[in-house]
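Read in order, the letters of the sequence shown are residues 24 to 369 in the working numbering.
Notes for the one structure printed next.
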Amino acid sequence: MRKERDRDYIRTVEDLFFCVVGYTHPPDRIIAYLKYMPSPEGKWGHTQRFQRMLKQYDAKSVAEGFKLLEEKYPKYLYYDPVNNITFSAVPLESIAERYYPEEKVKELTKRKNLDPLEKKAVSLIETISSESHVPIEKYGITGSILINIHNPEFSDIDLTVYGKENALATKDAVLNLKKERVLEGFQGKEAEEWINRKKGMFQLYIEQAKLLLERKWNIGFYEGTRFSIHPIKEDQEIKEKYGHEKYRSKGLILIEARVESADESLYLPCKYKVKDVKILEGEEAENITEVVSYEGIFCHFAEKGEKIRVGGKLEEVTPKSGKKYHRVLVGSAEAKAKDFIHIVTR
């Protein structure tokens with residue numbers, strides 16, 4: 024059994040479906056957010072119906088999920104002393120089944136009786152794999168198709184791609200396929216709706232929201248169905264270990280900085296190494312070297328050399344070895360959905 028990775032899924036003994044977050048987890052549980060739960064009125068599922076609990080992929084929606092867990096399933100809320108936050112996490116003894124996106128691809132490519140959405144998902148992977156020369160085994164299918172509760176009439180296709188080089192090759196392939204109109208980007212009404220929705224959710228000016236969409240290579244439409252692609256680290260690329268760094272909140276902060284490296288911005292949480300940091304609001308702090316976002320919308324957004332403005336939570340980071348440093352975290356409960364990353368210059 025491999026390590027849990029971002030976008031894997033877990034089914035609990037109560038038939039709750041959780042989506043795994045990130046790559047580092049406590050020894051006795053898996054950090055994940057509640058995505059689906061049983062409900063007679065649910066639109067997902069076949070013999071058993073499920074409703075989607077996470078309406079949007081943002082910190083505000085995750086926090087709303089915490090309220091439900093607190094009321095009905097408090098054992099899934101966990102104070103993490105390493106990250107110094109309370110988050111949802113599934114105890115190992117409560118796991119009924121684990122779902123791995125790459126295993127779903129193997130299953131669907133072997134199975135003959137696929138429904139229309141499953142067929143389309145396999146076709147999309149084959150199309151991107153052919154263009155990118157990335158083996159099909161390096162792709163996965165996550166979301167409702169992975170856990171077999173999808174509805175072919177309205178469900179999306181959510182893909183994963185494993186490994187940095189494979190992700191970059193996939194990015195080039197998707198951009199080429201969009202030029203050839205094999206894949207479609209967001210245009211017209213869809214683009215306008217996306218921009219207006221994100222603008223309201225993430226403190227974005229209209230120009231910032233347009234730029235964000237312009238850089239979102241990993242979303243679009245394939246034969247009329249919406250798709251997304253999420254780069255995931257392979258096991259050998261996972262350098263961080265649970266407990267090797269501890270974090271202490273030092274309040275909210277607003278900074279401007281220059282992006283020194285965006286190499287880790289493909290993944291969630293996405294990371295930007297920064298320099299030339301100027302504090303605009305908040306506590307004075309030395310050695311702010313990193314901006315980290317759990318808001319996936321800011322993944323692969325800013326580029327090396329660009330100046331960014333960031334509102335978020337200032338954290339003091341204490342490694343097991345080495346010097347203390349500070350980072351700015353986007354996507355915390357403390358920020359109450361008011362945090363952001365803006366491009367100041369292009």
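C-beta atoms are modelled at their ideal positions from N, C-alpha and C, and glycine is treated no differently.
Remember, predicted model here, so these are calculated numbers, not experimental data.
Exposure of residue i, with buried meaning 16 or more beta-carbon neighbours within 10 Å
i: ILE382; result: One cannot answer for residue 382 here, as it falls past the ends of the chain, which runs 24 to 369.
i: GLY247; result: exposed
i: THR132; result: exposed
i: PHE177; result: exposed
i: TYR102; result: exposed
i: ALA196; result: buried
i: THR70; result: exposed
i: ARG134; result: exposed
i: THR341; result: exposed
i: GLY88; result: buried
i: ARG220; result: exposed
i: ARG19; result: In the structure displayed, the chain extends from 24 to 369; residue 19 sits before or after that span and is not available.
i: PRO104; result: exposed
i: LEU303; result: exposed
i: ALA285; result: buried
i: VAL367; result: exposed
i: ARG204; result: exposed
As assigned by DSSP and simplified to three states, the class of residue i
i: GLN74; result: strand
i: ARG28; result: coil
i: ARG204; result: coil
i: PRO139; result: helix
i: ILE302; result: strand
i: ALA119; result: strand
i: ASP179; result: coil
i: GLU246; result: coil
i: LEU100; result: strand
i: ARG401; result: As displayed, the chain neither begins before 24 nor continues past 369, which places residue 401 out of reach and without an answer.
i: PHE321; result: helix
i: PHE89; result: helix
i: GLY266; result: coil
i: GLU313; result: strand
i: VAL297; result: strand
i: THR47; result: coil
DSSP bridge partner residues for residue i (one or two, in chain order)
i: HIS156; result: Note: HIS156 sits in no beta bridge, so no partner.
i: LYS336; result: LEU275, LEU352
i: TRP67; result: PHE73
i: TYR59; result: PHE40, ARG75
i: PHE363; result: GLY334
i: ARG52; result: PRO114
i: ARG34; result: PHE40, GLU120
i: TYR185; result: ILE255
Selection from the options that minimises the alpha carbon distance to residue i
i: GLY45; options: PHE363, ALA360, GLY319, VAL128; result: GLY319
i: VAL282; options: CYS322, GLU313, GLN74, HIS156; result: GLU313
i: ARG271; options: LYS294, LEU352, TYR32, ILE261; result: LEU352
i: HIS173; options: GLN231, LYS264, LEU137; result: LEU137
i: ILE108; options: GLY354, VAL367, ILE364; result: GLY354
i: GLY274; options: LEU235, LYS359, ASN171; result: LYS359
i: ASP299; options: CYS293, GLU279, TYR317, GLU27; result: GLU279
i: THR47; options: HIS267, TRP67, THR193; result: HIS267
i: LEU191; options: VAL157, LYS222, GLU216; result: VAL157
i: SER344; options: ALA325, LYS264, ILE255; result: LYS264
i: PRO97; options: GLU37, PRO49, GLU64; result: GLU37
i: SER316; options: GLU160, PRO49, LEU39, LYS294; result: LYS294
i: PHE40; options: LYS161, ALA55, GLY305; result: ALA55
i: HIS323; options: GLY243, ASN189, LEU337, LEU235; result: LEU235
i: GLU126; options: LEU227, LYS95, ASN171; result: ASN171
i: ARG332; options: LEU227, GLU237, GLU257, GLU357; result: LEU227
i: LYS142; options: LYS161, PRO175, GLU160, ILE364; result: PRO175
i: SER153; options: ILE242, GLU120, ASN199; result: ASN199
i: ALA144; options: GLY211, LEU206, TYR99; result: LEU206
Beta-carbon separation (whole angstroms), residue i vs residue j, contact threshold 8 Å
i: LYS361; j: GLY328; result: 27 Å between Cβ atoms; not a contact.
i: LEU57; j: SER117; result: With a Cβ gap of about 13 Å, LEU57 and SER117 do not count as contacting.
i: TYR245; j: ILE148; result: Between ILE148 and TYR245 the Cβ distance is about 10 Å, and since that is not below 8 Å, they are no contact.
i: ARG249; j: ILE311; result: About 37 Å separates the two Cβ atoms, so there is no contact after all.
i: LEU169; j: PRO124; result: 6 Å
i: TYR185; j: GLY208; result: Not really, about 24 Å apart at Cβ, beyond 8 Å.
i: THR35; j: VAL128; result: Rounded, the Cβ-Cβ distance is 24 Å, inconsistent with contact.
Interface flag, residue i vs chain C, CB-CB below 9 Å
i: ARG271; result: Here there is only one protein chain, and chain C is not present.
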